[in-house]
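These protein sequence lines map, in sequence, to chains L and U. Note that our numbering has the first sequence beginning at 1, numbered continuously upward. Note that our numbering has the second sequence beginning at 1, numbered continuously upward.
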Amino acid sequence: MKKFLSLALALAMLLTSVSALAEGIGGLPDKWWEAADLQPSETFYVEGGMTVTAMGVHFNQYPTEFDGCYYFPSIEKLTGMHFDIDWRTDSDYGTQVATTLANGIENLPDMIHPGGGYSQSVLANEGAIIALDDYLDLIPNIVEAVGEDRMSNWRAADGHIYTIPTIVNVPGSQTMAIRKDWLDALGMDMPTTWEEWKAYWYAVRDNDMNGNGDKSDEIPLVLEMGATGERCLHQLLNAFGIKASNDAQFCVLDDGTYTLVYEHPRYREFLTEVQQLYADGIIDPEFVTRYLAEVYPTMSGNLAGSEFIWAEQQAVHTETLNASGDEDALYLSCAPITGPYGDQWIQMRQGLTPNWCITVKAEQEGKVENILKFWNWQFSEEGRRLYNYGLEGYTYDIVDGVEVLRYDVVKNGFNDYRTLGMEYEPFGGDWQNNAFMQCVFSGKTVDDLTIPRKSFYDGLNENGVNAGHYYAMPPTLETDAYVEYHGELMTGGNGVCTLRDQCIAGQLTVDEFFAKYEALKDRGLQDVIDEGNEAYQLIK
Amino acid sequence: MNTAATRKESVLNSARVRRRVCNRIWRNRYIYLMVIPVLIYMLLLKYLPMYYLRAAFYDYKLLKGFEGSKYVGFKWFERLLSSPDLWQYIRNTLTLNLLSLAIVFPAPLVFAILLNEVRSNGYKKVVQTVSYMPHFVSTVVLVSMINNICSPSIGVLAKIWKFMGLTPVNWLAVPDYFYGINIVSGLWQCIGWNAVIYISAIAGIDQSLYEAARMDGANRWKQILHVTIPGIMPTFILLLIMQIGQLMNCVFDKIWLLQNTLNMQVSEMLPTYVYRLGMVSQKYGQATAGGLLNSVISVTLVLIANFVSRKVSETSLF
Numbered sequence: 001m002k003k004f005l006s007l008a009l010a011l012a013m014l015l016t017s018v019s020a021l022a023e024g025i026g027g028l029p030d031k032w033w034e035a036a037d038l039q040p041s042e043t044f045y046v047e048g049g050m051t052v053t054a055m056g057v058h059f060n061q062y063p064t065e066f067d068g069c070y071y072f073p074s075i076e077k078l079t080g081m082h083f084d085i086d087w088r089t090d091s092d093y094g095t096q097v098a099t100t101l102a103n104g105i106e107n108l109p110d111m112i113h114p115g116g117g118y119s120q121s122v123l124a125n126e127g128a129i130i131a132l133d134d135y136l137d138l139i140p141n142i143v144e145a146v147g148e149d150r151m152s153n154w155r156a157a158d159g160h161i162y163t164i165p166t167i168v169n170v171p172g173s174q175t176m177a178i179r180k181d182w183l184d185a186l187g188m189d190m191p192t193t194w195e196e197w198k199a200y201w202y203a204v205r206d207n208d209m210n211g212n213g214d215k216s217d218e219i220p221l222v223l224e225m226g227a228t229g230e231r232c233l234h235q236l237l238n239a240f241g242i243k244a245s246n247d248a249q250f251c252v253l254d255d256g257t258y259t260l261v262y263e264h265p266r267y268r269e270f271l272t273e274v275q276q277l278y279a280d281g282i283i284d285p286e287f288v289t290r291y292l293a294e295v296y297p298t299m300s301g302n303l304a305g306s307e308f309i310w311a312e313q314q315a316v317h318t319e320t321l322n323a324s325g326d327e328d329a330l331y332l333s334c335a336p337i338t339g340p341y342g343d344q345w346i347q348m349r350q351g352l353t354p355n356w357c358i359t360v361k362a363e364q365e366g367k368v369e370n371i372l373k374f375w376n377w378q379f380s381e382e383g384r385r386l387y388n389y390g391l392e393g394y395t396y397d398i399v400d401g402v403e404v405l406r407y408d409v410v411k412n413g414f415n416d417y418r419t420l421g422m423e424y425e426p427f428g429g430d431w432q433n434n435a436f437m438q439c440v441f442s443g444k445t446v447d448d449l450t451i452p453r454k455s456f457y458d459g460l461n462e463n464g465v466n467a468g469h470y471y472a473m474p475p476t477l478e479t480d481a482y483v484e485y486h487g488e489l490m491t492g493g494n495g496v497c498t499l500r501d502q503c504i505a506g507q508l509t510v511d512e513f514f515a516k517y518e519a520l521k522d523r524g525l526q527d528v529i530d531e532g533n534e535a536y537q538l539i540k
Numbered sequence: 001m002n003t004a005a006t007r008k009e010s011v012l013n014s015a016r017v018r019r020r021v022c023n024r025i026w027r028n029r030y031i032y033l034m035v036i037p038v039l040i041y042m043l044l045l046k047y048l049p050m051y052y053l054r055a056a057f058y059d060y061k062l063l064k065g066f067e068g069s070k071y072v073g074f075k076w077f078e079r080l081l082s083s084p085d086l087w088q089y090i091r092n093t094l095t096l097n098l099l100s101l102a103i104v105f106p107a108p109l110v111f112a113i114l115l116n117e118v119r120s121n122g123y124k125k126v127v128q129t130v131s132y133m134p135h136f137v138s139t140v141v142l143v144s145m146i147n148n149i150c151s152p153s154i155g156v157l158a159k160i161w162k163f164m165g166l167t168p169v170n171w172l173a174v175p176d177y178f179y180g181i182n183i184v185s186g187l188w189q190c191i192g193w194n195a196v197i198y199i200s201a202i203a204g205i206d207q208s209l210y211e212a213a214r215m216d217g218a219n220r221w222k223q224i225l226h227v228t229i230p231g232i233m234p235t236f237i238l239l240l241i242m243q244i245g246q247l248m249n250c251v252f253d254k255i256w257l258l259q260n261t262l263n264m265q266v267s268e269m270l271p272t273y274v275y276r277l278g279m280v281s282q283k284y285g286q287a288t289a290g291g292l293l294n295s296v297i298s299v300t301l302v303l304i305a306n307f308v309s310r311k312v313s314e315t316s317l318f
């Protein structure tokens with residue numbers, strides 16, 4: 001009997017292993033795409049093929065190897081274009097670009113991703129990339145996808161277009177999140193006015209909300225410092241009616257003037273109020289050092305009362321807290337903070353991101369036309385389907401004329417979808433709302449979603465809690481003066497961002513901040529303002 | 001005749017010298033072989049880059065090189081020297097380094113002397129090993145440890161403060177604590193390692209001097225004062241001169257990682273400023289000018305220290 005049981009067990013294990021090997025991610029076998037019958041595209045195909053070299057930043061869980069997913073082999077079969085991409089990490093990417101540039105034009109790749117301080121303006125200034133203005137007739141699909149409204153975001157400050165963009169047609173993906181269970185425990189309703197928000201924050205500060213016996217460890221408003229310490233305050237700026245750029249440095253005044261946020265008539269009031277909130281222990285004491293990765297532990301550690309965060313994260317951390325025994329814990333997406341004057345805004349997701357620049361080397365080798373034609377194909381119906389949905393019959397099906405991702409692909413949200421190589425964002429394309437939402441729903445309907453997952457949906461859905469509050473961010477225009485002075489006068493040791501943080505922390509008075517700011521204007525910041533406005537009026 | 005004989009003799013002499021030098025090199029060929037990597041390192045990474053100091057006079061573009069970059073003369077030096085920030089950054093650099101020179105630099109000397117007085121060899125070895133282990137902790141790890149200790153929300157210090165009924169302090173956001181944190185962490189990390197050189201110097205002191213001192217009735221304190229300290233003073237002075245040459249530098253990665261906007265008034269130093277100009281803002285010309293300025297000041301400081309030391313103690317580098 002024992003022998004029989006052992007044999008049965010061994011057989012069961014063997015069968016499980018074999019089936020696990022046979023069916024990989026998304027229920028698909030290894031190298032599943034090789035079986036697909038892909039014929040050369042009728043709209044674009046390079047006879048004899050062409051290899052394009054590139055250097056870019058890789059992120060998320062997409063495969064890095066050319067043959068590691070369906071995407072690049074399929075592109076090659078469909079268009080004849082072979083991409084040889086040298087993927088780099090985001091960390092210290094600027095130094096890596098510098099090293100590449102220092103090796104001379106002959107060692108440049110055909111396409112390069114701007115980043116790490118080497119923005120498109122800096123690369124253009126170096127003479128490393130070409131302007132695409134004269135080639136727009138080769139990329140009508142991209143021009144159409146960008147649209148008139150986003151044209152100013154596509155153009156650089158000098159009015160030229162230098163990049164192949166990535167487009168994300170999703171209204172937003174970040175949201176304010178609040179502890180609903182803490183609100184309930186305090187007997188409060190969801191805050192809708194500035195005074196109500198403050199009442200909630202002060203109550204969180206004064207009570208032992210997480211019940212650990214320590215009344216002082218709750219952080220009423222957790223703030224992320226942002227990539228360069230510049231944008232951690234945009235949600236509060238928005239509450240004061242200052243519709244700031246992505247880096248929280250620029251805004252457009254009511255009269256249409258593009259300027260630094262510090263010039264906004266409400267900035268003094270904003271600074272005074274935020275300084276008080278910091279002094280009162282409402283604002284995160286570590287707001288200048290808290291990277292996004294350090295925001296998460298405050299959420300899962302039962303410390304955060306409210307925060308501005310990726311919509312998915314409030315669901316993830318609710319689930320974490322629930323799993324750890326705090327079954328009542330619940331973060332909910334909520335409408336943006338309402339300011340003292342009733343302003344309630346949230347930045348619309350930057351729908352257009354500069355992605356690839358074409359180098360002078362590609363121009364010297366006569367590759368520009370085919371590269372651009374390829375990207376035009378990438379933004380065509382055929383290219384969009386490949387990018388968003390993979391291969392028909394394997395990862396999606398057409399149901400009533402609409403692409404429907406298979407359940408196994410989206411059952412784990414974005415995870416398997418991206419691991420399979422779909423929406424390969426480091427490479428870029430046009431990510432469509434339909435594909436995005438299918439991942440959010442993980443093959444379910446709204447009614448099937450759990451409360452945290454429903455809240456995730458509410459945080460980013462165009463009809464959700466943020467509906468009617470989105471605003472299109474003004475661009476950060478990298479004029480000559482911006483490139484010249486940004487490092488010193490804006491983010492440097494005595495730059496305006498540093499002074500702003502010191503003022504919030506009470507190291508400077510508001511008057512001292514403005515006095516120092518005026519001095520910085522005399523040293524070159526005024527040129528940043530003037531050139532920025534001039535460029536904005538030119539490109540808008 | 002005499003002249004011809006002298007010339008011949010001179011030629012013979014120089015041939016003999018050459019042969020002797022060659023023989024000596026051959027005899028010590030393995031030692032010379034060991035020097036080659038160091039020479040290559042110095043040439044490649046210390047001397048060759050000096051060619052690029054020219055960038056200080058150009059609006060230097062990496063891709064275009066010197067040929068394609070615009071010559072701007074002393075523009076970057078003028079901008080640096082006229083910037084009100086520069087003097088603040090120099091002051092910050094000097095303040096931290098002078099504090100370090102006063103506290104961190106002599107600490108290994110004291111530690112070595114104390115260790116030398118420990119009679120139990122086993123205990124001495126344990127202390128020595130434990131004390132120089134932190135040297136092998138990477139700066140990134142060290143800074144993570146500092147962050148974890150100093151964090152007002154999750155830090156150990158915050159917990160102690162709360163236990164004592166005090167409000168936790170965001171130590172890294174208060175400029176007044178920045179130098180203290182640096183000094184204490186610097187002491188922890190380098191006291192044991194830097195003491196090794198003094199321990200070996202103490203070991204080299206002639207033991208008969210101690211015996212003579214004991215015969216003259218010197219107690220242990222007096223032996224330290226009159227034998228040990230004078231015995232290691234030349235080593236101390238050589239290290240001091242070299243340390244003075246580092247007054248305008250800093251442990252770059254540690255300062256860079258500990259910096260935040262709330263301590264920037266004291267934490268932005270000349271090397272971090274130069275890095276920010278060059279590697280963050282891609283202003284290579286201005287950054288090179290800043291680096292060159294820093295080097296000139298450092299060399300001047302070394303020369304002054306060397307001169308003073310030669311006059312005062314007859315010990316000097318050159």
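Yeah, the Cβ is synthetic: ideal placement off N, Cα and C, and Gly gets one too.
By the rule that beta-carbons nearer than 7 angstroms mark a contact, glutamate 78 of chain U does not touch chain L.
Rounded to the nearest whole angstrom, the C-alpha separation of asparagine 23 of chain U and serine 208 of chain U is 38 angstroms. Identification of residues in the stretch 116-135 of chain L having a C-beta nearer than 8 angstroms to some C-beta of chain U yields Gly117, Tyr118, Val122, Asn125, Glu126, Gly127 and Ala128, given in sequence order. For glutamine 347 of chain L, the secondary structure class from DSSP, reduced to helix, strand or coil, is strand. Between the alpha carbons of tyrosine 482 of chain L and glutamate 518 of chain L lies a distance of about 17 angstroms. Using a Cβ-Cβ cut-off of 7 angstroms, asparagine 148 of chain U does not count as an interface residue toward chain L, since no Cβ of chain L sits closer than that to its own. In this chain, valine 52 of chain L is not harboured by any alpha helix (DSSP H); it is covered by the beta strand (DSSP E) spanning 50-57. A straight-line Cα-Cα distance of about 13 angstroms links isoleucine 85 of chain L and proline 73 of chain L. Cβ-Cβ distances below 7 angstroms link aspartate 328 of chain L to Asp181 in the same chain, with the five nearest sequence neighbours on each side left out; the list follows chain order.
Around the beta carbon of lysine 46 of chain U, fewer than 16 other beta carbons sit within 10 angstroms, so the residue counts as exposed. Linking tryptophan 375 of chain L to threonine 100 of chain L through their CA atoms gives a straight-line distance of about 24 angstroms. Membership of proline 230 of chain U in the alpha helix (DSSP H) is indicated by the continuous run 229-244. Counting only Cβ-Cβ distances below 7 angstroms, threonine 261 of chain U has contacts in chain L at Gly229, Val288, Cys497, Thr498, Asp501 and Gln502, in chain order. Leaving aside the five residues that flank tryptophan 345 of chain L on each side, the residues in its chain whose CB is nearer than 7 angstroms to its CB run, in chain order, Asn238, Lys243, Pro336, His469 and Tyr471. Asparagine 355 of chain L and histidine 58 of chain L do not touch by the CB rule: their CB atoms are close to 13 angstroms apart, not below 8 angstroms. Excluding its 5 nearest sequence neighbours in each direction, leucine 186 of chain L has C-beta neighbours in its own chain below 6 angstroms: Ala203, listed in chain order. Among the residues of the stretch 164-183 of chain U, those with a Cβ less than 8 angstroms away from any Cβ of chain L are Thr167, Pro168, Asn170, Leu172, Ala173 and Pro175, in the order of the chain. Look at serine 333 of chain L here: in three-state DSSP terms it is strand.
For proline 271 of chain U, the three-state secondary structure derived from DSSP is helix. Counting only the Cα atoms, serine 316 of chain U lies some 8 angstroms from phenylalanine 307 of chain U. Within chain L, no C-beta atom comes less than 7 angstroms from the C-beta of glutamate 67 of chain U; the nearest is roughly 11 angstroms away. The alpha-carbon of threonine 64 of chain L is positioned some 11 angstroms away from that of tyrosine 71 of chain L. When CB distances to chain U are screened at a threshold of 8 angstroms, the residues of the stretch 200-216 of chain L falling below it are Asp214 and Ser216, in chain order. Under DSSP, no beta-bridge partner is assigned to glutamine 378 of chain L.
The alpha-carbon of glutamate 534 of chain L is positioned some 36 angstroms away from that of glutamate 106 of chain L.
Check the Cα spacing between isoleucine 103 of chain U and each of U/Gly217, U/Gln259, U/Gly180 and U/Lys311: the tightest is with U/Gly180. C-alpha of leucine 109 of chain U to C-alpha of tryptophan 161 of chain U: approximately 34 angstroms in a straight line.
Assigned with DSSP and collapsed to three states, glutamate 403 of chain L falls in strand.
Looking at the DSSP output, phenylalanine 83 of chain L bridges to L/Val52. Aspartate 253 of chain U sits close to threonine 139 of chain U, with the two beta carbons spaced by under 7 angstroms. The alpha-carbon of serine 300 of chain L is positioned some 17 angstroms away from that of serine 151 of chain U. For the pair arginine 384 of chain L and aspartate 430 of chain L, the CB atoms are nearer than the 7 angstroms cut-off. Per the coordinates, the alpha-carbon of glycine 68 of chain L lies some 12 angstroms from the alpha-carbon of glutamate 34 of chain L. For glycine 493 of chain L, at least one C-beta of chain U is nearer than 7 angstroms to its own C-beta. Beyond the five residues adjoining it in sequence on each side, proline 475 of chain L comes within less than 7 angstroms, by CB distance, of Ser152, Asn153 and Ser245 in the same chain, given in chain order. Under DSSP, glutamate 392 of chain L shares a beta bridge with L/Tyr396.
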